[in-house]
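Residue numbers (the numbering used here): 1066 to 1474.
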């Protein structure tokens, strides 16, 4: 997480690919299955792929890199106002002294009521779920390059927080894809499509299992990692960041907006189920065709709390399908996956099968972001990474005109 210096009686899908079902809460099953399922896979590959615990030096480097230097006396110029979202207003500001840009999100004042009160809420105002996630997870001291870190400060207005983060100058993935398709009338370049697969699954392998890519097909694993279910993985919540460490002249992908997320060992969350069109069938089954209104709020909050790692995987499957099939709509959950087809423009070996594994209706058979012998797909991700790197070597690099928000040098 960034530092500031001053000068979110049903059958729910099993967690982590386990086929075990029962009456325990989703989060308690998540906690136990995290150990049992993942440890089996680790026993097979420790020393070959997972080379050990994450070194402290990596945390130190990332913490230093994410430091936000905010001088209270500095004058901040507003660069852009984003439209308000369900949980806050984002503004891009620039320091007149240093020229550095920051993203500033001011959360809404949300009164507590009988529907939205999480187990940890008290007083008249609801704590923003993003703030809760970063307080109780280990993201504060164990940041990750694929996760957007921020610093939360209380605002002068009761019930509000100000969330400061580094500015991702490349915009978000959804608008970049629209830029290619609508304005450039072209498709997502293959090397960048593979870049999307690789870096989003690096992010989700970390959130779900504490895996951290170390290079050369190897991973570290964070000790005592708490499983985090993001809950709303869509293009608008995946940001593009330019930096000196970018691969092949392409911006890094960074996952943000934890407003509907769940952290292991912290039950009692009251969050909505994210963007409905991306939801896995076991989540859609909870709220059905009921409208989002006061009569059905409890159904939707129950659906939000029922999310598990497999629901995140399904959401990423929807995202990848919509890109690769050139579709504005998800593949229908009630159709046989043998009918799924992607565009000939994306005939990348193994890609269609990869998406099918992510979109399995049974969460116990759905892909997992690990090396489980039955459901793990990180070996496929590693192959896609090698293919991406090969394309970068053989093909011309993408240039400034290929990007909606090109890197400014």
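In this text, a Cβ means the ideal position worked out from N, Cα and C, and glycines have one as well. Keep in mind the model is a prediction, meaning the values are calculated, not measured.
query	result
Contacting residues, own chain, Cβ-Cβ under 8 angstroms from residue 1203 (five flanking each side not counted)	1287, 1289, 1290, 1291
Rounded C-alpha distance that separates residue 1359 from residue 1208	38 angstroms
Backbone CA spacing between residue 1137 and residue 1350 [nearest angstrom]	49 angstroms
Three-state secondary structure assigned by DSSP to residue 1459	helix
Minimum length 3: unbroken beta strand (DSSP E) runs contained in the stretch 1198-1262	1215-1219, 1226-1231
Under the three-state DSSP convention, the category residue 1310 falls into	coil
Residue ranges of each alpha helix (DSSP H) within the stretch 1402-1465, 4 or longer	1416-1423, 1443-1459
Residue 1115, buried or exposed, once every other Cβ within 10 Å from all chains shown has been counted against 16	buried
Residue nearest to residue 1265 in terms of C-alpha spacing, selected from 1232, 1281, 1299	1299
As assigned by DSSP and simplified to three states, the class of residue 1138	coil
Helix, strand or coil at residue 1336 [DSSP, three-state]	coil
The alpha helix (DSSP H) enclosing residue 1129, as first and last residue numbers	1121-1130
Validate contact between the stretch 1220-1230 and the stretch 1166-1177 using beta carbons, cut 8 angstroms, 3 pairs	yes
Closer than 8 angstroms: residue 1333 CB and nearest the ligand FMN heavy atom	Ligands are entirely absent from the displayed structure, and the ligand FMN is therefore not among its contents.
Among 1422, 1210, 1439, nearest to residue 1380 - alpha-carbon criterion	1422
Endpoints, beta strand (DSSP E) assigned at residue 1343	It is not in any beta strand (DSSP E) - residue 1343 carries neither H nor E in the DSSP assignment.
Exposure of residue 1439, with buried meaning 16 or more beta-carbon neighbours within 10 Å	exposed
Own chain, CB closer than 7 angstroms to residue 1445, minus 5 neighbours either side, in chain order	1415, 1419
Exposure of residue 1392, with buried meaning 16 or more beta-carbon neighbours within 10 Å	exposed
Bridge partner(s) assigned by DSSP for residue 1156	1146, 1169
Nearest-angstrom Cα separation, counted from residue 1316 out to residue 1322	19 angstroms
Residue 1329 classed as buried or exposed, judged by whether at least 16 other C-beta atoms fall within 10 angstroms	buried
C-beta atoms of residue 1481 and residue 1183 nearer than 9 angstroms	The structure shown has nothing for residue 1481, since the chain only spans 1066 to 1474.
Proximity of residue 1297 and residue 1365 at Cβ, strictly below 9 angstroms	no
Cβ neighbour criterion (16 or more within 10 Å) applied to residue 1162	exposed
Of the residues 1313, 1459, 1374, the one placed nearest residue 1427, counting alpha carbons only	1374
Spatial neighbours of residue 1313 in its chain, beta-carbon cut-off 7 angstroms, leaving aside the 5 residues before and after	1256, 1457, 1462
Three-state class that DSSP yields for residue 1271 in the structure shown	helix
Environment of residue 1267 [buried if 16+ CB atoms lie within 10 Å]	buried
Alpha carbon of residue 1443 to alpha carbon of residue 1211, nearest angstrom	16 angstroms
Residue span of the beta strand (DSSP E) that contains residue 1279, given as start and end	1276-1280
Residue closest to residue 1258, alpha-carbon to alpha-carbon, out of 1272, 1177, 1384	1384
Endpoints, the beta strand (DSSP E) within which residue 1377 is located	No beta strand (DSSP E) holds residue 1377; the alpha helix (DSSP H) holding it covers 1374-1389.
Whole-angstrom C-beta distance between residue 1238 and residue 1303, which should lie under 8 angstroms	4 angstroms
Cβ shell of residue 1224 (< 6 angstroms), same chain only, five flanking positions each side left out	1174, 1190
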